[in-house]
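Residues 1000 to 1391, numbered by my numbering, are exactly what the sequence shown covers, in order.
Virtual Cβ for every residue (Gly too), placed ideally from N, Cα, C.
Presented below is the structure to which this report refers.
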Amino acid sequence: MTGVQEPGRLARLRGAARELAVPLREVAPAVDRDPSVLPELVRSGRLPWREFSGLPAAHHTAPIRVGDRSTAADSCVEQAVVWEEMARADAGVALGLPGPAMSGFMIAELADAEQRERYYGLLASDRPVWTFFGMTEPSHGSDPASMGTALRPDATGSLALTGTKRFIGNGARAEIGVVFARRAPGPLGLTAVLVDTARPGFDARPLDTVGLRGLELSELRIAELPVAEEDVLGRHLRASRRGMWAAVRTFNRFRPLVATLALGVAQAAHEYAEQTLRPTPRAFHRYAAHEFAGRLAGVRAMVAAAALAADHGAASGAAASAAKLHATRLAEELTQRAVAALGPGARFDHPLLDKWVRDARAFEFMEGTSNIQRLNLAQGYLQERDRRAVAA
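Below, the structure written as structure tokens:
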């Protein structure tokens, strides 16, 4: 049960996604032990990667269908429902599946028709294709003012990309992705480049992580990688609509999905704890199941509101920040409470719960930490206050 009365279509979509996601839970322990096995599991046909790929309708050969309608890849509301059920099965495996993910949002914002066809044509092939979104750097995270990756003319006058990106999901598996780089000084000097990982100068290595291991976070080392003008995203747009503007819009659309991933992990742990603890009344009381059931329903409503705001083009992203802040906190607190209620040795005796504890901690660092979300909320409040003052 979700605790929220969803419209009939969304409820049916949730049921379809939940049934389809069952294999993700089945392979989760193996992928957690060794993330490198995931591509072979995908290629074997054991995982429903096509259905969960999130490709646009024109390129999607096997979308999730509810009645006579397919899931809309451009609907954050529908994707939030699907992603929660994927994360309820296993967030690490879900994030490690092939598909557009965050780079797809950048393609939607910035790509011209030729770039869209190049990108989605590759992803729509009959084999799995992984992508990446290259923003974060080792020394200064995602701060655009300090970005060291550069797009500059080489000795021949052609463009070349050089820099290092770290904590990039699926980076070592990807064939294509988006890299942010500085092309000129100033706030409008940031640009996004469509990168083919087979080109000379691209090297990616997986990092050893504790949580969400299926995502296989990677470090990208890029040295004089040749770039054509046709690879530069947003070249047909004015400077104020490229680079960081598109990145902020991408974060605002992706944040509700990060929140729903955290919610899915919390929901999975809650169901497991309820089932495991119910025969032991004292431990069940310590877990406070009713309290967490209410909080799950509340966060689910926040995620739905944030997804709806994203679909309507909300500029501030305040609703998404609120949802991400509360979902992350809930996932951490719920998994820790479940472990405490189960007593000493719980993480050894219940390996799935141990995995959810580790996974829950990862969401804090995705698309902005909690302090960043609080700043976004404050800015959103001040902007709304000023707007109302002007309108009064």
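Through-space distance from Gly1210 to Glu1366, alpha-carbon basis | 16 Å
Are Leu1295 and Gln1266 closer than 8 Å when you measure CB to CB?
-> yes
Flag this pair as yes or no: are the beta carbons of Ser1217 and Ile1167 separated by less than 8 Å?
-> yes
Name the two residues that bound the continuous beta strand (DSSP E) containing Phe1347.
-> Element bounds for Phe1347: not the beta strand (DSSP E) but the alpha helix (DSSP H), 1345-1348.
What residue ranges within the region 1153-1186 form continuous beta strand (DSSP E) runs of no fewer than 3 residues, ordered along the chain?
-> 1158-1167, 1175-1181
Could you give the DSSP three-state label for Ile1063: helix, strand or coil?
-> coil
Straight-line gap, Val1268 to Cys1075 (C-alpha atoms, nearest Å) = In the sequence on display, residue 1268 carries Ala and not Val. Answer to the nearest angstrom: the Cα atoms are 24 Å apart.
Would you list the one or two residues that DSSP bridges to Ala1191?
-> Phe1179, Leu1232
How is Pro1411 classed by DSSP in three states: helix, strand or coil?
-> This structure leaves residue 1411 out entirely; the chain is present only between 1000 and 1391.
Residue closest to Leu1096, alpha-carbon to alpha-carbon, out of Ala1144, Ala1326, Leu1046, Ala1110 = Leu1046
Return the chain-ordered ranges of every alpha helix (DSSP H) run that is complete within the region 1291-1360 and spans a minimum of 4 residues.
-> 1317-1341, 1345-1348
Alpha carbon to alpha carbon, how far is Asp1230 from Met1000? Give it in angstroms, no decimals.
-> Since pLDDT at Met1000 reaches only 46, below the 50 mark, its modelled position is unreliable, and no value is offered.
When DSSP labels each residue in this structure, what does Met1000 get in the three-state scheme?
-> Low confidence applies to Met1000: its pLDDT is 46, below 50, so where it sits in the model is not reliable enough to give any reading.
Residues of its chain near Phe1253, where Cβ-Cβ distance is below 7 Å and the 5 sequence neighbours each way are ignored = Met1101, Phe1104, Glu1366
Keeping to the same chain, check which residues put their C-beta closer than 7 Å to that of Ile1115; ignore five residues upstream and five downstream.
-> In the sequence on display, residue 1115 carries Arg and not Ile. Around Arg1115: Ile1106.
DSSP state of Thr1135, grouped into three classes?
-> coil
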